[in-house]
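Asker:
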Amino acid sequence: MLRRICKYAAHFHLIRPFEIMVKLPQKSHKVPLPFTTEEQKKLQTFVMESPTSRKIGLLLGFQLGLRIGEICGLKWGDFDLSEGVVTIQRTVTRISCGNGHTKVVVQSPKTQNSHREIPLPKSLLRVLKKLSKDFSSGTWFLSGNEEKPVEPRCYRKSIHGYLKKASVHQAHPHALRHTFATTCLQAHCDIKTLSELLGHSDAAVTLKKYVHSDMKRKRREINRVFENF
Numbered sequence: 001m002l003r004r005i006c007k008y009a010a011h012f013h014l015i016r017p018f019e020i021m022v023k024l025p026q027k028s029h030k031v032p033l034p035f036t037t038e039e040q041k042k043l044q045t046f047v048m049e050s051p052t053s054r055k056i057g058l059l060l061g062f063q064l065g066l067r068i069g070e071i072c073g074l075k076w077g078d079f080d081l082s083e084g085v086v087t088i089q090r091t092v093t094r095i096s097c098g099n100g101h102t103k104v105v106v107q108s109p110k111t112q113n114s115h116r117e118i119p120l121p122k123s124l125l126r127v128l129k130k131l132s133k134d135f136s137s138g139t140w141f142l143s144g145n146e147e148k149p150v151e152p153r154c155y156r157k158s159i160h161g162y163l164k165k166a167s168v169h170q171a172h173p174h175a176l177r178h179t180f181a182t183t184c185l186q187a188h189c190d191i192k193t194l195s196e197l198l199g200h201s202d203a204a205v206t207l208k209k210y211v212h213s214d215m216k217r218k219r220r221e222i223n224r225v226f227e228n229f
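Here the sequence shown is numbered in the UniProt record's numbering, starting from 1 and rising by one per residue.
Shown next as structure tokens:
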């Protein structure tokens, strides 16, 4: 609306044309809170009580750090269960076609670093081995068929439903990935290793997005530094 008004004013020489090119500051995005240890345990229990591919997607988020589009882009053939690793080689996303229309596409990960192999936790590997017997390598992991994947928008709705059933506070689905990064940092995971697991272009991206101290940690560090004063 503001841009239209400016263009109208510029057309009648009420303002100088270049003034409409000034970009307003972008609205800052609120970083999602990671799940607490208690909430992670609730989710783990919820998934393991009656595991399905869609539920396991939660674990792929907060135990492996996968993006929602990457989870949707998985096929059973991406899991090497003998080696205990999963290969991230595609993502599902919705793009604009113009004229207000959009479509779902399957494409390569967003960067070269996003194409990666991630080791599977032992508990997750065990349940995947049991479920894999019913599916071929070309089957989409979430949808359970070879025709088409589940699109991210639909899976986000599923995640919200799962969180509610598991009695976990409603959060943005990206909180799954944020939880993985935060948990690894709290466990003093090497920043370069974490950056590679997350598929970031370099460690600086990881530091900028996920390394932030809470007040408790800040107070502890201040007291540690000045304990002899």
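Every residue, glycine too, gets a C-beta built ideally from N, C-alpha and C. Source: prediction; values computed, not measured.
Taking only runs of the alpha helix (DSSP H) that begin and end inside the segment 190-226, which ones reach a length of at least 4 residues, in chain order?
Answerer: Counting whole runs of 4 or more residues, the segment 190-226 contains the alpha helix (DSSP H) stretches 191-198, 203-210, 215-225.
Asker: When you compare the segment 104-112 with the segment 31-51, are there three or more beta-carbon pairs, one atom per stretch, that lie closer than 8 Å?
Answerer: Too few Cβ pairs lie closer than 8 Å, so no.
Asker: May I have the straight-line CA-CA distance separating Glu19 from Ser96, to the nearest angstrom?
Answerer: Walking along the sequence shown from the start, residue 19 turns up at place 19. Walking along the sequence shown from the start, residue 96 turns up at place 96. In this predicted model, Glu19 has a pLDDT of only 49, less than 50, meaning its place in the structure is not dependable enough to derive any value.
Asker: Are the beta-carbon atoms belonging to residue 258 and Thr206 less than 7 Å from one another?
Answerer: No information on residue 258 is available, as it lies outside the stretch 1 to 229 that the chain covers here.
Asker: Once the 5 residues before and after Leu125 are set aside, which same chain residues still bring their CB inside 6 Å of it?
Answerer: Counting from one through the sequence shown, the residue named residue 125 turns up at place 125. Hits under 6 Å: Gly84.
Asker: DSSP state of Thr139, grouped into three classes?
Answerer: Position 139 of the sequence shown, counted from the first residue, corresponds to residue 139. Three-state DSSP puts Thr139 in coil, outside helix and strand.
Asker: Should Ser201 and Asn113 be called a contact, given that it needs their Cβ atoms to be closer than 7 Å?
Answerer: Taking the first residue of the sequence shown as position 1, residue 201 is located at position 201. Taking the first residue of the sequence shown as position 1, residue 113 is located at position 113. In contact: Ser201 and Asn113 (Cβ atoms closer than 7 Å).
Asker: Is it buried or exposed for Pro119, if we count other Cβ within 10 angstroms and need 16 for buried?
Answerer: Working through the sequence shown from its first residue, we reach residue 119 at position 119. Exposed, by the Cβ-count rule.
Asker: Please state if the CB of Gly73 and the CB of Arg90 are separated by a distance shorter than 7 Å.
Answerer: Within the sequence shown, numbered from 1, the residue matching residue 90 stands at position 90. Within the sequence shown, numbered from 1, the residue matching residue 73 stands at position 73. Yes, the pair counts as a contact, with Cβ atoms nearer than the cut-off.
Asker: Going straight from the alpha carbon of Arg54 to that of Ser143, what length do you get?
Answerer: Numbered from its first residue, the sequence shown carries residue 54 at position 54. Numbered from its first residue, the sequence shown carries residue 143 at position 143. Rounded to whole angstroms, Arg54 to Ser143 spans 8 Å at the Cα level.
Asker: If you drop the 5 nearest sequence neighbours on each side, which residues of the same chain put their C-beta closer than 6 Å to that of Pro121?
Answerer: Counting from 1 along the sequence shown, the entry for residue 121 is found at position 121. Counting only Cβ-Cβ distances below 6 Å, and skipping sequence neighbours, we find Gln63.
Asker: Arg219 to Ile71, Cα distance in whole Å?
Answerer: Within the sequence shown, numbered from 1, the residue matching residue 219 stands at position 219. Within the sequence shown, numbered from 1, the residue matching residue 71 stands at position 71. Cα to Cα, the separation comes out at about 38 Å.
Asker: CB-CB under 6 Å to Tyr210, same chain, minus the five flanking residues each way: which ones, in chain order?
Answerer: Your numbering for residue 210 matches position 210 in the sequence shown. Correct list, in chain order: Ala181.
Asker: Please report the distance separating the alpha-carbon of Leu198 from that of Gly65.
Answerer: Reading the sequence shown from its first residue, position 198 is the one you call residue 198. Reading the sequence shown from its first residue, position 65 is the one you call residue 65. Distance between the alpha carbons of Leu198 and Gly65 is about 6 Å.
Asker: Could you check the C-alpha separation between Gly69 and Arg177 for me, to the nearest Å?
Answerer: Walking along the sequence shown from the start, residue 69 turns up at place 69. Walking along the sequence shown from the start, residue 177 turns up at place 177. Straight-line Cα distance between these residues: approximately 12 Å.
Asker: Tell me the DSSP secondary structure of Asn228 in three-state form.
Answerer: Counting from 1 along the sequence shown, the entry for residue 228 is found at position 228. It is coil, neither helix nor strand.
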